[in-house]
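Encoded as structure tokens, the structure appears first; notes follow it.
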Ligand code: C2E
Ligand code: MG
Ligand code: MG
């Protein structure tokens with residue numbers, strides 16, 4: 011009981027002396043216990059200051075110190091080393107959809123897998139969020155060794171993770187710099203590795219890049235745009251325009267395709283080719299895409315029953331969990347029936363079948379139609395048509411463009427239409443700009459067309475006033 015002061019201390023006899031000795035012992039013991047605890051606590055604090063509490067890996071501070079140390083050694087021993095920055099792809103959707111607990115478990119597993127790949131002199135750290143780094147010791151050939159490690163990391167992290175009953179598939183984007191060739195101080199090395207990492211994001215993720223000089227401009231450019239996209243969503247700068255999809259038989263409107271536009275405060279109206287790619291690479295497309303789905307359903311719910319809406323969905327959105335829930339919720343809130351919604355998918359070669367197929371099947375099972383967009387642009391995607399539950403193909407403008415000059419593309423379109431009909435898919439031809447194109451397409455039994463010949467994409471109020479006019483005209487007919 012080191013907390014109790016010893017009794018009989020003031021007694022001037024043997025008991026008092028004994029009490030005095032016991033009291034000295036008590037104080038010393040208390041002091042020692044205290045010192046011991048202080049020591050343990052300071053060790054804990056030291057550990058906390060230098061380690062990430064979740065994964066137990068060194069954190070940004072301690073990694074920075076290790077990097078500083080290696081940089082100073084390099085001035086003496088001139089032995090190169092590699093710095094690898096690893097950013098997880100698709101982490102945020104896991105976190106957002108399944109909650110922080112799942113996200114935490116995933117990060118812990120990532121840390122464990124990374125550690126298994128390290129050499130005895132390598133250091134792995136978690137820099138924060140879903141960003142990790144490795145300081146790789148080089149024994150012989152820096153490039154070769156970085157190559158080998160990066161490949162192994164990508165393989166290790168793309169093996170699915172399981173948490174409770176869920177399976178998550180993620181990947182990672184890696185940027186690599188080699189000291190001293192691509193930087194001889196800590197901050198340059200970190201910035202250059204970051205730029206190289208962004209290059210990997212740009213190249214579709216799940217890959218690695220070594221830093222190269224030209225990366226600087228590109229990176230700052232897209233970083234800037236990403237921030238502007240975030241602000242743009244908050245400031246409601248995005249709007250959807252709707253291009254009519256026409257029934258060729260009677261030239262009535264079958265539906266509208268929603269196409270995003272950006273009303274930029276200083277640059278004016280910006281088209282999607284400028285920013286969709288960047289939003290896809292940064293993952294922002296998930297947020298933007300959710301807005302697009304909700305907004306499209308809300309708009310279409312105000313249209314006549316027979317008119318559908320087609321929404322473009324990027325492959326990246328299909329890979330992120332939560333898409334089906336967003337669609338269901340958008341339908342529920344807008345009260346639009348699922349049969350009036352169609353989604354359009356481009357770049358099917360980017361789809362990861364193990365993830366995209368069940369998602370598309372679920373979407374299809376809701377009664378939503380699924381179109382394969384831009385068929386005929388480069389990639390021969392015919393086998394994809396049979397893998398995924400497509401209900402429509404959209405023939406790319408580039409093919410329609412050549413319709414008048416070129417027998418080969420006419421033949422190809424005929425083949426595509428026959429193929430589609432054989433498998434119960436409808437066909438839309440895109441980018442119809444002339445009456446001749448329309449006539450040829452009608453002759454070869456293409457059901458739907460879209461293009462400037464019929465209409466440019468319209469603002470929401472223009473669509474609504476077209477319907478209003480229709481109602482008035484119908485009213486007049488009835489009279
Ligand atoms: P897309 O889905 O194939 O859309 C058709 C594009 O062709 C639209 O360009 C449309 O304005 C344009 N177009 C339509 N008719 C004609 C024509 O007769 N002649 C010519 N020259 N062009 C025509 P836009 O709106 O610039 O969109 C470009 C692409 O950006 C779209 O191609 C689509 O892949 C993507 N995109 C647009 N909106 C969204 C969106 O909301 N989400 C996603 N993920 N992607 C979108
Ligand atoms: Mg489209
Ligand atoms: Mg298209």
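Residue numbers (the working numbering): 11 to 489. A virtual CB, placed ideally from N, CA and C, is assigned to each residue, including glycine. Nothing here was measured: the structure is a model prediction, and the numbers come from that model.
1. Kindly confirm or deny that the region 464-474 and the region 421-437 touch, where touching means at least three C-beta pairs closer than 8 Å.
2. Between the Cα of residue 399 and those of 414, 22 and 354, spot the shortest distance and give me the residue it belongs to.
3. Since residue 402 and residue 438 should fall inside the 8 Å C-beta cutoff, what is the C-beta to C-beta distance between them, to a whole number of angstroms?
4. If the criterion is Cβ atoms closer than 8 Å, does the pair residue 102 and residue 293 meet it?
5. Give me whichever residues DSSP pairs with residue 145 in a beta bridge.
6. Hey, is residue 252 close to ligand 1, as in C-beta under 7 Å from one of its heavy atoms?
7. Say the cut is 7 Å; is the CB of residue 440 nearer than that to a heavy atom of ligand 3?
8. Please return the same chain residues whose Cβ sits closer than 8 Å to the Cβ of residue 371, not counting the five positions on each side in sequence.
9. Give the straight-line distance between the Cα atoms of residue 235 and residue 449, rounded to the nearest whole angstrom.
10. For ligand 2, which residues have a Cβ under 5 Å from at least one heavy atom, in chain order?
11. Does the beta-carbon of residue 478 have 16 or more other beta-carbons within 10 angstroms, so that it is buried, or is it exposed?
12. Tell me, which residues are paired with residue 182 by DSSP?
13. For residue 205, does the count of other Cβ atoms within 10 angstroms reach 16, so buried, or fall short, so exposed?
14. Rank 348, 122 and 384 by C-alpha distance to the C-alpha of residue 374 and give the top, closest one.
15. Indicate whether the contact test is met: 3 or more Cβ pairs, each with one atom in the region 319-328 and one in the region 300-309, closer than 8 Å.
16. Could you check the C-alpha separation between residue 250 and residue 155 for me, to the nearest Å?
17. Would you mind listing the alpha helix (DSSP H) stretches within the region 371-420 that are 4+ residues and don't spill past its ends, in chain order?
18. Is the beta carbon of residue 199 closer than 8 Å to that of residue 94?
19. With a 10 Å radius around its C-beta and 16 neighbouring C-beta atoms as the bar for buried, classify residue 115 as buried or exposed.
20. Would you list the one or two residues that DSSP bridges to residue 438?
21. Do you know how far the Cα of residue 98 is from the Cα of residue 187?
22. Could you please give the first and the last residue of the uninterrupted beta strand (DSSP E) stretch that includes residue 354?
23. Give me the Cα-Cα distance between residue 3 and residue 181, rounded to the nearest whole angstrom.
24. Compare the C-alpha of residue 243 against each of 263, 271 and 454 and name the closest.
25. For the region 304-339, list the alpha helix (DSSP H) runs that are entirely contained and at least 4 residues long, ordered along the chain.
26. With a floor of 3 residues, list each beta strand (DSSP E) that falls wholly inside the region 260-289, ordered by position along the chain.
27. Between which two residues does the alpha helix (DSSP H) carrying residue 196 extend?
28. Out of 74, 42, 435 and 17, point me to the one whose CA is closest to residue 195's CA.
29. Residue 268: beta carbon under 7 Å from a heavy atom of ligand 1?
30. Taking the alpha-carbon positions, what's the residue 380 to residue 168 distance?
31. Quick check: is any heavy atom of ligand 4 less than 7 Å from the C-beta of residue 63?
So, to answer that:
1. no
2. 354
3. 6 Å
4. yes
5. 93 and 133
6. no
7. yes
8. 399
9. 42 Å
10. 322, 354 and 383
11. exposed
12. 98
13. buried
14. 348
15. yes
16. 48 Å
17. 392-397 and 407-411
18. no
19. buried
20. 404 and 458
21. 18 Å
22. 351-355
23. Only positions 11 to 489 of the chain appear in this structure, which leaves residue 3 out of reach.
24. 271
25. 325-329
26. 263-274 and 278-280
27. 196-212
28. 74
29. yes
30. 28 Å
31. What this structure holds is ligand 1, ligand 2 and ligand 3, not ligand 4.
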